[in-house]
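Worksheet: the structure to be examined is printed underneath.
Chains as they are written, first to last, in the numbering used here: chain A, 11 to 275; chain B, 133 to 413.
Structural data, given as structure tokens:
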């Protein structure tokens, strides 16, 4: 009985701690400005979509959102195309230098994009990639790629190699066995990693604000322009950024723990 | 033999890509940082002579020193709590994971809704008649308060990452060890210190490594909530690049971040390696 009570009590505290800020920003983004600036009103007397609408249409938030989505999709495409084979190789093959490669992947994760963003601009100018969506996507892909290699290798290691071998006994080539047997089994885990990669790109602000001027992603746009606007626009911006991310995490919550189980082991 | 090359061929594209998009710019950062009219170390001399650099260094270190231990303790507590697997624990797990999906920009805006002069904290306190006029948490007159709001926001935002890694470690502990301990009549405390904690060490170390590295890159939360009232290394990089239009100084700052990052990872990894080998033999 005591234990039950203790669990409920802790659950409430934990939920309040993690949900209150989210609740407040959504509420603030829907509060009419007169109510927001009235110190005696905690809860608004009515709700409005005005701020969200203005942010989307007048302040360029809609365009920035589209850019964000494009950047995220392209960078996921690149990083999975390159990272998936590498992740597979790390799980299924024994070869010299394997641990060094894993370790350097992890180290690359720790090189801040801040460090590489500045010279990237120079490189991009030469390649005519400056201020383009593709340029940001390439930079994000370099941030996501090491993550994809590590996570996919953990996903693949969760699928017994014997299934593949059984397929090969029945005359499939290694590649066919991978395509027909391992890949379908790995798909849910890979999808979860892709969603997480999406969120990483969706949230990245530093490289996007340095690499672009006119084609900014949503966080970069907000960091650079919407910050000069009144408070309630900032809250509308925060809400737009928060909601898709929260929805995505909801879908992959089952995989979160297994995805992070691999770190540094 | 042909087969020997397969794994290398599979890895090659990823490595090449990273070499071009991470390696080359990294090399360029070095070149830029060491280029100046005042000689090889010109930028660094300028950096060292400016009070701002030391201020930024101090603030970054202070924030790291406050944030990382707090996150570790909170995350450990949360991980043990969720690992009881009571009814409805998946829902709690989701609530805890929410900040994982939020950017530092969003987290900063969230804490701004609470701590701004018109924010909810002030509104609540005023309606309870505890204060007469709003408390100010931002502005360079209130640096100490700003610091704590930033620390609180970062703790809120990034504890879940530590939590997830530790929970994953906790769930991978073989139940048989604990059952054996029960058989030998280990107390709860003894089970915790003699079995769970040692087995959890690799996870704790990875979490600490990741979090310390990211703490040195702290940018969005500070920049949005305090601007340059509280300078940090990454913020100064951004400032020198965007506002002062000086890529060389920005590169020098970036290189300092990279250097600190490398030192920290080296420290953790040698430490971690040693522990790992001990465990394996």
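We put the CB at the ideal spot given by N, CA and C, even for glycine.
One question on the structure: do residue i and residue j come within less than 8 Å of each other, judged by their Cβ atoms?
| i | j | result |
| --- | --- | --- |
| residue 303 of chain B | residue 191 of chain B | no |
| residue 229 of chain B | residue 266 of chain A | yes |
| residue 154 of chain B | residue 163 of chain A | no |
| residue 224 of chain B | residue 25 of chain A | yes |
| residue 65 of chain A | residue 196 of chain A | no |
| residue 175 of chain B | residue 380 of chain B | yes |
| residue 285 of chain B | residue 248 of chain A | no |
| residue 121 of chain A | residue 158 of chain B | yes |
| residue 358 of chain B | residue 270 of chain B | yes |
| residue 159 of chain A | residue 97 of chain A | yes |
| residue 211 of chain A | residue 150 of chain A | yes |
| residue 95 of chain A | residue 250 of chain B | no |
| residue 155 of chain A | residue 149 of chain B | yes |
| residue 344 of chain B | residue 294 of chain B | no |
| residue 51 of chain A | residue 60 of chain A | no |
| residue 348 of chain B | residue 402 of chain B | no |
| residue 362 of chain B | residue 298 of chain B | no |
Classify residue i as buried or exposed, calling it buried when 16 or more other Cβ atoms lie within 10 Å of its own Cβ.
| i | result |
| --- | --- |
| residue 332 of chain B | buried |
| residue 389 of chain B | buried |
| residue 63 of chain A | exposed |
| residue 263 of chain B | exposed |
| residue 186 of chain A | exposed |
| residue 107 of chain A | exposed |
| residue 68 of chain A | exposed |
| residue 411 of chain B | Unreliable positioning characterises residue 411 of chain B in this predicted model, as indicated by a pLDDT of 42, which lies under 50. The coordinate reading is nonetheless provided below. Exposed, because fewer than 16 other Cβ atoms sit within 10 Å of the Cβ of residue 411 of chain B. |
| residue 244 of chain A | buried |
Measure how close the beta-carbons of residue i and residue j come, nearest whole angstrom, since I'm counting them as under 8 Å.
| i | j | result |
| --- | --- | --- |
| residue 145 of chain B | residue 92 of chain A | 5 Å |
| residue 164 of chain B | residue 128 of chain A | 7 Å |
| residue 373 of chain B | residue 220 of chain A | 6 Å |
| residue 261 of chain A | residue 209 of chain A | With 8 Å as the limit, residue 261 of chain A and residue 209 of chain A do not qualify as a contact, their Cβ atoms being about 11 Å apart. |
| residue 252 of chain A | residue 100 of chain A | Not quite, the Cβ-Cβ distance comes to about 34 Å (not below 8 Å), so this is no contact. |
| residue 353 of chain B | residue 367 of chain B | Contact doesn't hold; Cβ gap of about 10 Å is too wide. |
| residue 31 of chain A | residue 242 of chain B | 4 Å |
| residue 336 of chain B | residue 199 of chain B | That pair is no contact at about 16 Å. |
| residue 290 of chain B | residue 375 of chain B | That belief does not hold up - the Cβ atoms of residue 290 of chain B and residue 375 of chain B are roughly 27 Å apart, past 8 Å. |
Give the secondary structure of residue i by DSSP, where H, G and I count as helix, E and B as strand, and everything else as coil.
| i | result |
| --- | --- |
| residue 292 of chain B | helix |
| residue 216 of chain B | coil |
| residue 330 of chain B | helix |
| residue 255 of chain A | helix |
| residue 244 of chain B | helix |
| residue 66 of chain A | helix |
| residue 126 of chain A | helix |
| residue 184 of chain B | helix |
| residue 72 of chain A | helix |
| residue 297 of chain B | helix |
| residue 175 of chain B | helix |
| residue 349 of chain B | coil |
| residue 95 of chain A | helix |
| residue 11 of chain A | coil |
| residue 256 of chain B | helix |
| residue 340 of chain B | helix |
| residue 23 of chain A | helix |
| residue 414 of chain B | This structure leaves residue 414 of chain B out entirely; chain B is present only between 133 and 413. |
| residue 214 of chain A | coil |
| residue 136 of chain B | helix |
| residue 233 of chain A | helix |
| residue 275 of chain A | For residue 275 of chain A, the pLDDT reaches just 39, beneath the cut-off of 50, and the residue's location in the model is therefore unreliable, leaving the point undetermined. |
Closer than 8 Å, CB to CB, is residue i near chain B or not?
| i | result |
| --- | --- |
| residue 50 of chain A | yes |
| residue 138 of chain A | no |
| residue 4 of chain A | The first residue shown for chain A is 11 and the last is 275, placing residue 4 of chain A beyond what the model contains. |
| residue 229 of chain A | yes |
| residue 263 of chain A | yes |
| residue 235 of chain A | no |
| residue 188 of chain A | no |
| residue 35 of chain A | yes |
| residue 126 of chain A | yes |
| residue 145 of chain A | no |
| residue 5 of chain A | Any question about residue 5 of chain A goes unanswered here, given that chain A covers just 11 to 275. |
| residue 244 of chain A | yes |
Hey, is residue i's beta-carbon within less than 8 Å of any beta-carbon in chain A?
| i | result |
| --- | --- |
| residue 349 of chain B | yes |
| residue 290 of chain B | no |
| residue 323 of chain B | no |
| residue 413 of chain B | With a pLDDT of 33 at residue 413 of chain B, under the threshold of 50, the modelled position of that residue is not reliable, and the figure given next carries that caveat. Not an interface residue. |
| residue 352 of chain B | yes |
| residue 287 of chain B | no |
| residue 299 of chain B | yes |
| residue 258 of chain B | yes |
| residue 237 of chain B | yes |
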